[in-house]
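*Asks:* Have a look at the structure that comes next, please.
Protein chains: 2
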Amino acid sequence: MSSTREVIIQLGDELIRKKGYNAFSYSDIAKALNVKNAAIHYHFPTKPDLASGVVRWHTESFDRFVKKCSAKSELVQIKMFLNYYTSIQLSGKVCIIGAFATDWNSMEQHIQEEVREFTGGVISWISETLSNGKEKNLLTFSGSPKIEAVKILTNMFAGAQLARITGNEDFSGLKNSIIEQITK
Amino acid sequence: MSSTREVIIQLGDELIRKKGYNAFSYSDIAKALNVKNAAIHYHFPTKPDLASGVVRWHTESFDRFVKKCSAKSELVQIKMFLNYYTSIQLSGKVCIIGAFATDWNSMEQHIQEEVREFTGGVISWISETLSNGKEKNLLTFSGSPKIEAVKILTNMFAGAQLARITGNEDFSGLKNSIIEQITK
DNA sequence: TTGTTTACTTACTAATTAATAAGTATTTTC
DNA sequence: GAAAATACTTATTAATTAGTAAGTAAACAA
Chain F
1 MSSTREVIIQ
11 LGDELIRKKG
21 YNAFSYSDIA
31 KALNVKNAAI
41 HYHFPTKPDL
51 ASGVVRWHTE
61 SFDRFVKKCS
71 AKSELVQIKM
81 FLNYYTSIQL
91 SGKVCIIGAF
101 ATDWNSMEQH
111 IQEEVREFTG
121 GVISWISETL
131 SNGKEKNLLT
141 FSGSPKIEAV
151 KILTNMFAGA
161 QLARITGNED
171 FSGLKNSIIE
181 QITK
Chain H
185 MSSTREVIIQ
195 LGDELIRKKG
205 YNAFSYSDIA
215 KALNVKNAAI
225 HYHFPTKPDL
235 ASGVVRWHTE
245 SFDRFVKKCS
255 AKSELVQIKM
265 FLNYYTSIQL
275 SGKVCIIGAF
285 ATDWNSMEQH
295 IQEEVREFTG
305 GVISWISETL
315 SNGKEKNLLT
325 FSGSPKIEAV
335 KILTNMFAGA
345 QLARITGNED
355 FSGLKNSIIE
365 QITK
């Protein structure tokens, strides 16, 4: 149960989402852990292996999130999802979907598949949550749940990116506007 | 007026928006132009100089866009803006704002300022166009023009990013939903 | 206790990177 | 026609990169 492996994933995730996949190197992680580069290669032979580990961590993390809030009302679930993105924005990161999207064409196909699957899962969850909420008359929106889900996701993940450039004042406005949109 | 300089900017722009700022090198451009690396350094001594040239090109390009559609109705202007993003998506690129946003913390402060100014200009233009359209009863939306502008921009620029991952079917749905939202 | 696995280090390679200096041919300017 | 600017090439540097091979020390398993 090497905890080093987990710490490497955490540091890799932070670097990918703060600096970008192609802007960090194994030595960034090695220096932070006070070990040699080869120690990182021991746990993750190649950089795509580390990327894969990071994506898997997000998949597991999102599964835990879904489980954690499954008992709450649909409105609360969506609000919790928006809060997750707020914490991303406040920590100066971007989400893993956005981080990989811009570097997409420099990523291995294998990693693309994993990111694709993760992203599909997130969109499905939002869609279903919106759909269930509408059925129970807890949520209101026009158009298909899928399109509404994509709208919310793009607002949030580009919101976190945009906040780096223009500051964070717009982000909370964006978030409130989404809640208004699906509750009025 | 060396056209090489312009071609380098075009190639640099394409590489930044297709592969990412940290995923391309001067040799990518040099090979495409069939010249030596040093020839690129002659026109743009450092990589941030090239990034600056690319951002300036986008600023001038956006100014031309604003001028070109200033005589049209506000609805048409917004539609033209959405069409611009559609062409980005179809060409497999992301917009310059999104491209720099994810690599933000690996960019020089000087470049960050230029991107910030460009982004501010884009948001202002959307806001004002929405605001004018509302006054003339051509457009309808709840909330402030600024928030609505940020919503549209995030939908579009994350939409182009997301389309890389999930395919382009969602993008047109997103676009239609925005038009519906501001016209009904 | 012996052997094997784990988690590293040391030491290295080959490739790529951004960047510079010095030289050259062509064009432009005075 | 001389001087200077333009647009490169050749050649090189120093740094960084991802990745590997071989060795080691400690924990663990039979």
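Order-wise, the sequence lines are chains F and H.
For the first sequence, the numbering used here assigns the number 1 to the initial residue and increments by one for each residue that follows.
For the second sequence, the numbering used here assigns the number 185 to the initial residue and increments by one for each residue that follows.
The C-beta atom is built at its ideal place from N, Cα and C for all residues, glycine as well.
Which residues in the same chain as Met185(H) place their Cβ atom closer than 8 angstroms to its Cβ, once the five residues preceding and following it in sequence are excluded?
*Replies:* In this prediction, Met185(H) has a pLDDT of 48, which is less than 50 and means its spatial position is unreliable; what the coordinates show is noted afterwards. Contacts found: none.
*Asks:* Using a Cβ-Cβ cutoff of less than 8 angstroms, which residues in the same chain neighbour His162(H) once the five nearest sequence positions on both sides are dropped?
*Replies:* The shown model of chain H, from 185 to 368, leaves out residue 162(H), and the question about it has no answer.
*Asks:* In the DSSP assignment, the alpha helix (DSSP H) including Leu11(F) goes from what residue to what residue?
*Replies:* 3 to 18 is the span of the alpha helix (DSSP H), which, as asked, contains Leu11(F).
*Asks:* Check whether chain F comes within 7 angstroms of Leu259(H), counting only Cβ atoms and requiring the distance to be less than that.
*Replies:* Not closer than 7 angstroms to any Cβ of chain F, the Cβ of Leu259(H) fails to qualify, so no.
*Asks:* Taking the CB atoms as reference points, tell me whether Gly196(H) and Val238(H) lie closer together than 7 angstroms.
*Replies:* A distance below 7 angstroms separates the beta carbons of Gly196(H) and Val238(H).
*Asks:* Roughly how many angstroms lie between the CA atoms of Met264(H) and Val306(H), to the nearest whole one?
*Replies:* Taking C-alpha positions only, Met264(H) is separated from Val306(H) by approximately 13 angstroms.
*Asks:* Mind checking the stretch 12 to 26 of chain F against chain H and listing, in chain order, the residues whose C-beta falls within less than 9 angstroms of any C-beta there?
*Replies:* Arg17, Lys18, Lys19, Gly20, Tyr21, Asn22, Ala23, Phe24
*Asks:* Report the three-state DSSP secondary structure of Phe65(F) (helix, strand or coil).
*Replies:* Phe65(F) carries a helical assignment under DSSP once its states are collapsed to helix, strand and coil.
*Asks:* Using a Cβ cut-off of 8 angstroms, which residues of the stretch 286 to 315 of chain H contact any Cβ in chain F, in chain order?
*Replies:* Thr286, Asp287, Trp288, Asn289, Ser290, Gln296, Val299, Arg300, Thr303, Gly304, Ile307
*Asks:* List the residues of chain H that Ser61(F) touches, going by C-beta distances under 8 angstroms, in chain order.
*Replies:* Per Cβ cutoff of 8 angstroms: no residues; Ser61(F) is ~18 angstroms from chain H at best.
*Asks:* For Tyr21(F), collect the residues of the same chain with a Cβ closer than 6 angstroms to its Cβ; drop the 5 residues on either side in sequence, then sort them by chain order.
*Replies:* Asp103
*Asks:* How about Asn339(H): is its C-beta nearer than 7 angstroms to some C-beta of chain F?
*Replies:* yes
*Asks:* Determine the direct distance from the alpha carbon of Asn289(H) to that of Ala165(F), and round the result to whole angstroms.
*Replies:* The residue you asked about is not Ala; residue 165(F) is Ile in the sequence shown. Straight across, the Cα-Cα distance linking Ile165(F) with Asn289(H) is about 11 angstroms.
*Asks:* Going along chain F, which residues have a C-beta under 7 angstroms from Ala283(H)?
*Replies:* Near Ala283(H) (Cβ distances below 7 angstroms), the residues of chain F are Thr102.
*Asks:* Kindly give me the distance between the Cβ atoms of Glu74(F) and Asn132(F), rounded to whole angstroms, as I take these residues to be in contact under 8 angstroms.
*Replies:* 5 angstroms
*Asks:* If we count the other Cβ atoms within 10 Å of its Cβ and call it buried at 16 or more, is Gly304(H) buried or exposed?
*Replies:* Counting C-beta atoms within 10 angstroms of its own C-beta, Gly304(H) has fewer than 16 neighbours from the protein chains shown and is therefore classed as exposed.
*Asks:* Can you tell me whether Leu174(F) is helix, strand or coil according to DSSP?
*Replies:* Here Leu174(F) sits in helix by DSSP.
*Asks:* Taking Val191(H) as the query, report the chain F residues whose CB atoms sit under 8 angstroms from its CB, ordered along the chain.
*Replies:* Residues of chain F whose Cβ lies closer than 8 angstroms to the Cβ of Val191(H) do not exist; the shortest such Cβ separation is about 21 angstroms.
*Asks:* Determine the direct distance from the alpha carbon of Val250(H) to that of Trp241(H), and round the result to whole angstroms.
*Replies:* 14 angstroms
*Asks:* Count the other C-beta atoms from every protein chain shown that fall within 10 angstroms of the C-beta of Glu353(H), then say buried if there are 16 or more, exposed otherwise.
*Replies:* exposed
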